[in-house]
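Protein chains in written order, with our numbering: chain A, 277 to 529; chain B, 5 to 277.
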Amino acid sequence: MVEAASRLSDAWLRGLSLLGFFVFWQLAAVLLAQPLLPSPTVVFANLWGHVMEGELLYHLGVTLARVAVSFFIALVIGTAIGILMGRSSRVDGALDGMLVLGLNIPALVTIILCYIWFGLTEAAAVTAVALNKIPTVVVTVREGARAVDPELMEVARIYRIGPLRTLMRVYLPQLYPYLMAAARSGLALIWKIVLVVELLGRSNGVGFQIGTYFQFFDITSILAYTLAFAGVILIIEASAVRPLERHLSRWRP
Amino acid sequence: MTSLEISVDRKVYRDPPTVALEALRFSVAEGEFLSVVGPSAAGKSTLLNIIAGLDRDVSGEIRLGPEDRQPNGEDAARIAFVFQSPRLMPWLSVFDNVRLVLTESDEDQERARRLLNAVGLSEFMDAFPSRLSGGMQRRVALARAFAVRPQLLLMDEPFVSLDAPTAWRLRQQLLDLWDELKPTILFVTHDLREALTLSDRVLFLSGRPGRVVLERTVDLPRPRAAQDAGVLALEERLLNDYPQLLSGLTEDEEVAAATDASAAVNDARIPSP
């Protein structure tokens, strides 16, 4: 009961702060009366128009698919490398330089190089996004792998728990908080990079659309697309990420 | 059910360089309850880790069972280990913690349920360990250990830092389970009375490097209680004869103990009350 109540008031708080943001925006737009800052009501009307024409949902879907695929690839590869580096100081020493390099190469460079080397293809786009995200996943998961409790791993050895079961029930649960952190920051980072990738070398997706509207200086449509995508991310966060996190940490006192 | 032959020539820790165990030899009979008593830092936990195969960096030999089987090989004996802390998986329910070491077969599920019943936790099957008291967590660890039908059960001060009544309830549950399944038990403790109450035989280790300085068969009838006159008399006699016993005998006493060995065993046959 108490838990449910606090969750409810939590939801209210989130809703209120969003509402406050839109009220502030509306006031600023009315007071400034500038064509460069359309009010949220105008943006929402525009958004509705794009939805009715159907093209917004199409581009949104395309972008979401790219986000999902590159998110998945980055998480799997980054987790594997992070675990290896966290477990063995030799692997860590061998790959650490690469990791620092990977963390510091600008996203734009990776994207351009991928397009030049692999052509303006879907695979190049997804690869570029994943390459940008992998190093940050590695850093987070490596932290987790270093914090794995050797005493619990000994229990798995003594009782001869099979490798798969040890991974799923003993090892990975210790990494879940780190994986969740990586997933959360990943979602935020990846969709930003996907938009750049689309702007530079794809002919569909939210990034491509925003690029087009930029050429027409159509600020209202740019904001409409941004809002639509931000809304989708908020919904994913609230309906998938947070419940998953609650489920995975339900054992905590 | 299996016998155990220990022969550790030397176990050295490198950093800082210390000899933890040296010339430590003893054997445990099939189904025997053997306690190892010694001062802290006598290498008792090290010894258990070596036997369990968690620590392989040792010169010596551990032989399990009648055949020449290597620990942790394909045909290795089933070993269970109850650690000083319960070492439960906090993200698994009580039931799942026991099932973790078993197969998914109906028989094994039933076995997990029965063992949790036996240690009085049937109402807490779905609880997470963080909701349980320290004593209850140790009962789960005990159920988990017996779940694998161990041939050898290693116990490293499993009942420390529990209040006395809880600890004695747990010891009783341990003896009940031992009675039913008769695994060979190697029980490490620094509590002499606990050792005398539970075991068939008690080994006393010296301080670092640990080796056996005295061995005593506890020939008292079972069931025993910690307050039994026999247990108390034996404890008193041991402490009288060897005041330094629990801090690991000095060299002189050790020699005396060795020459006294046969007498010591006879001493142990105190008439029961």
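The beta carbon of each residue, even a glycine, is placed where N, CA and C say it ideally should be.
Secondary-structure assignment with DSSP links E65 (chain B) through a beta bridge to B:S11. Taking the CA atoms as reference points, G47 (chain B) sits about 21 Å from Y246 (chain B). The Cβ neighbour count for A199 (chain B), taken over all protein chains shown within 10 Å, is at least 16; the residue is labelled buried. Assigned with DSSP and collapsed to three states, D112 (chain B) falls in helix.
With the criterion set as a beta carbon lying under 9 Å from some beta carbon of chain A, the members of the segment 79-97 of chain B are A80, R82, I83, A84, F85, F87, S89, R91, L92, M93, P94, W95, L96 and S97, in sequence order. Contacts with chain A at 8 Å (Cβ-Cβ) do not include R153 (chain B). Restricting attention to B:V235, B:R67 and B:L106, the CA atom closest to the CA of L8 (chain B) is found in B:R67. When B:G138, B:R115, B:L104 and B:D223 are compared, the shortest CA-CA separation from S203 (chain B) is found for B:D223. Taking C-beta atoms under 8 Å as the contact rule, S11 (chain B) and G64 (chain B) qualify, at a distance of about 5 Å. Nearest CB-CB separation between S137 (chain B) and chain A: not below the 8 Å threshold. At least 8 Å separates the beta-carbon of R143 (chain B) from that of V105 (chain B).
Counting only runs of at least 4 residues, the segment 449-486 of chain A fully encloses no alpha helix (DSSP H) element at all.
Between T442 (chain A) and A457 (chain A), the beta carbon gap of about 23 Å keeps them out of contact (Cβ cut-off 8 Å). Nearest in C-alpha terms to V402 (chain A), of all of A:W301, A:I387 and A:P426, is A:I387.
Distances from the CA of V216 (chain B) to each of B:K15, B:V16, B:R18 and B:E26 were compared; the closest alpha carbon is that of B:E26. At a cut-off of 8 Å between beta-carbon atoms, P311 (chain A) makes no contact with chain B.
Within the segment 104-162 of chain B, the complete beta strand (DSSP E) segments at least 3 residues long are 156-160, listed from N- to C-terminus.
Among the residues of chain A, none has a CB under 7 Å from the CB of A116 (chain B); the nearest is roughly 13 Å distant.
For E427 (chain A), the chain B residues whose C-beta falls within less than 8 Å of its own C-beta are F87, S89 and R91, listed in chain order. M361 (chain A) counts as buried, since at least 16 other C-beta atoms from the protein chains shown sit within 10 angstroms of its C-beta. Look at the segment 167-213 of chain B and you find these whole runs of alpha helix (DSSP H), each 4 residues long or longer: 168-185 and 196-202. For E26 (chain B), the beta-bridge partners assigned by DSSP are B:R14. In the displayed model, T416 (chain A) falls within a helix according to three-state DSSP.
If you draw a straight line from the Cα of P133 (chain B) to the Cα of V32 (chain B), it is about 34 Å long.
Comparing alpha carbon positions, the residue from B:A81, B:S251, B:L249 and B:R197 closest to G234 (chain B) is B:R197. For P449 (chain A), the chain B residues whose C-beta falls within less than 9 Å of its own C-beta are M93, P94, W95 and L96, listed in chain order.
Selection A:A459, A:Y501 and A:V367 evaluated against A516 (chain A) yields A:A459 as nearest (Cα-Cα).
About 16 Å separates the beta carbons of F37 (chain B) and W172 (chain B), which is beyond the 8 Å limit, so they are not a contact pair. A buried status is given to S97 (chain B), since no fewer than 16 other beta-carbon atoms sit within 10 Å of its beta-carbon.
Counted as a single uninterrupted DSSP element, the alpha helix (DSSP H) harbouring R241 (chain B) occupies residues A233 to D245.
Taking a beta-carbon distance threshold of 8 Å, I359 (chain A) does not count as an interface residue toward chain B.
For A168 (chain B), the closest alpha carbon among the candidates B:Q231, B:S210 and B:E108 is that of B:Q231.
Taking C-beta atoms under 8 Å as the contact rule, S346 (chain A) and V470 (chain A) qualify, at a distance of about 7 Å. When the alpha-carbon of R135 (chain B) is set against those of A:S282, A:R528 and A:F298, the nearest one is in A:R528. If you check the CB distance, A421 (chain A) and L440 (chain A) do not come in under 8 Å. Here I55 (chain B) carries a helix assignment [DSSP, helix/strand/coil].
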